[in-house]
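Following: one structure in structure tokens, then a few remarks.
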């Protein structure tokens, strides 16, 4: 396996991509601060794994209904304009959440509703955001650009929780939400100035449902994309919800408090950063077989983390989970971007967004509910066992050349 630095340099020579990457990194730090703040607030209000899963579900599930329309919008309208409006609205939601918390006007139900509003905006935002990156770099730099985007995302996962833990400890959850609102400013300044090398070509008008079905048909007809989506859906329903359930492990299993949650989230983010850099430095792309084998590594780390007897051992295990999950995610993301035509990119990427965000929400709700009855450790191990069984069944259905 060859690693080299030149692909990273080449991608960063694109001024629009470089500007977007920098501004987006600031925004993502705020996003992760909000995720930690909201997760910890939900735990403080209820001390319930069910409500942790329910809040995660409220943030992610709206994309099930909205992302298909968001994908159609991304194929018909200027993606920069879509991002500008949705990012502005998300900043306003963060401000409103901070103000209501300062006034002590929000309980768990109100928090869940505000989180659902944020998730609805993500449903429109995500397809346009995922479809934007290929328009900022050439096709030959696409895997590197996606990997760098992942590095930025997971660097924010490392930095955001650490900052959130300090801010919450010093000033409370509302202060963390206010900081998140301010982190949207750089991306709002940069978006109108981006120069795209791939323009949206709307084509003939048709209903949103029919247009979205074209994206589904494209995925189903692809020998590469169809199995990737099937395996990733299975992983997202069972093992990936571990990230959403970290507050329960930090507070209920390891007795680490908000500081322990920040450490676990930061360790997961650090592992993910290393995983993203590993992919960015690779001279080759992942084939289907290696991508699927990475999913077994993800499952192994999740299982070992759930069985970890103490906090000290849990930290490197959650870092390994972050490393393998990110490498697997970047490999899939690259395959999807390379396997889609530009005029279908928004719709197909909305499908990717559904798998990436909304399916883990269903999994978090299911695993969180099981944890109410069985405990977090048993529920997470059971989820891993279910994934391995589904994985074996799906693997048997692959053509021999893809194994």
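In my numbering, the protein residues as written are 1177 to 1579. For each residue, glycine too, the CB sits at the ideal point set by N, CA and C. From a predicted model like this one, the values you see are computed outputs, not experimental measurements.
Bounding residues of the alpha helix (DSSP H) (the contiguous stretch that carries residue i)
| i | result |
| --- | --- |
| residue 1266 | 1255-1278 |
| residue 1211 | 1191-1222 |
| residue 1311 | Neither: residue 1311 is in no alpha helix (DSSP H) and is coded neither H nor E. |
| residue 1502 | 1487-1514 |
| residue 1356 | 1349-1358 |
| residue 1362 | 1361-1366 |
| residue 1535 | 1535-1550 |
| residue 1181 | From DSSP, residue 1181 is part of no alpha helix (DSSP H); its letter is neither H nor E. |
| residue 1229 | 1225-1236 |
C-alpha gap between residue i and residue j, whole angstroms
| i | j | result |
| --- | --- | --- |
| residue 1495 | residue 1196 | 27 Å |
| residue 1181 | residue 1516 | 27 Å |
| residue 1372 | residue 1510 | 19 Å |
| residue 1442 | residue 1205 | 12 Å |
| residue 1251 | residue 1230 | 32 Å |
| residue 1359 | residue 1286 | 24 Å |
| residue 1524 | residue 1321 | 18 Å |
| residue 1235 | residue 1493 | 26 Å |
| residue 1184 | residue 1324 | 8 Å |
| residue 1237 | residue 1274 | 22 Å |
| residue 1438 | residue 1397 | 43 Å |
| residue 1330 | residue 1446 | 7 Å |
| residue 1514 | residue 1310 | 9 Å |
| residue 1453 | residue 1280 | 42 Å |
| residue 1473 | residue 1364 | 38 Å |
| residue 1549 | residue 1557 | 14 Å |
| residue 1208 | residue 1444 | 12 Å |
| residue 1266 | residue 1246 | 15 Å |
| residue 1214 | residue 1408 | 26 Å |
| residue 1361 | residue 1350 | 18 Å |
| residue 1224 | residue 1569 | 34 Å |
| residue 1381 | residue 1248 | Because residue 1381 carries a pLDDT of 47, less than 50, the predicted location of this residue cannot be relied on, and no value is offered for it. |
| residue 1212 | residue 1337 | 6 Å |
| residue 1412 | residue 1346 | 35 Å |
Backbone secondary structure at residue i - three-state DSSP
| i | result |
| --- | --- |
| residue 1525 | helix |
| residue 1430 | coil |
| residue 1484 | coil |
| residue 1400 | coil |
| residue 1390 | helix |
| residue 1291 | helix |
| residue 1435 | helix |
| residue 1566 | helix |
| residue 1373 | coil |
| residue 1341 | helix |
| residue 1447 | helix |
| residue 1574 | coil |
| residue 1440 | helix |
| residue 1283 | coil |
| residue 1415 | coil |
| residue 1380 | Residue confidence for residue 1380 is low, a pLDDT of 47 falling below 50, so the modelled location carries little weight; the figure read from the coordinates is stated next. Reduced to three states, the DSSP call for residue 1380 is coil. |
| residue 1457 | coil |
| residue 1420 | coil |
| residue 1517 | coil |
beta-carbon residue i near the ligand ADP non-hydrogen atom, thresh 8 Å
| i | result |
| --- | --- |
| residue 1270 | Only the bare structure without any ligand can be found here, which leaves the ligand ADP out of the picture. |
Same chain only: Cβ atoms within 6 Å of residue i, ignoring 5 sequence neighbours per side
| i | result |
| --- | --- |
| residue 1434 | 1216, 1341 and 1344 |
| residue 1304 | 1250, 1255, 1258 and 1259 |
| residue 1401 | 1395 and 1515 |
| residue 1201 | 1328 |
| residue 1521 | 1307 |
| residue 1367 | 1256, 1259 and 1260 |
| residue 1543 | 1417, 1555 and 1559 |
| residue 1271 | 1357 |
| residue 1505 | none |
| residue 1288 | 1231 and 1234 |
Same chain only: Cβ atoms within 8 Å of residue i, ignoring 5 sequence neighbours per side
| i | result |
| --- | --- |
| residue 1490 | 1425, 1430, 1440, 1481 and 1484 |
| residue 1566 | 1410 and 1414 |
| residue 1282 | 1273, 1276 and 1290 |
| residue 1355 | 1206, 1209, 1339 and 1343 |
Cut-off 7 Å between Cβ atoms - residues of its own chain near residue i, not counting five sequence neighbours on either side
| i | result |
| --- | --- |
| residue 1191 | none |
| residue 1295 | 1234, 1235, 1236, 1237, 1238 and 1239 |
| residue 1500 | 1451, 1470, 1473, 1474 and 1477 |
| residue 1449 | 1327, 1330, 1331 and 1334 |
| residue 1561 | none |
| residue 1479 | 1557 and 1560 |
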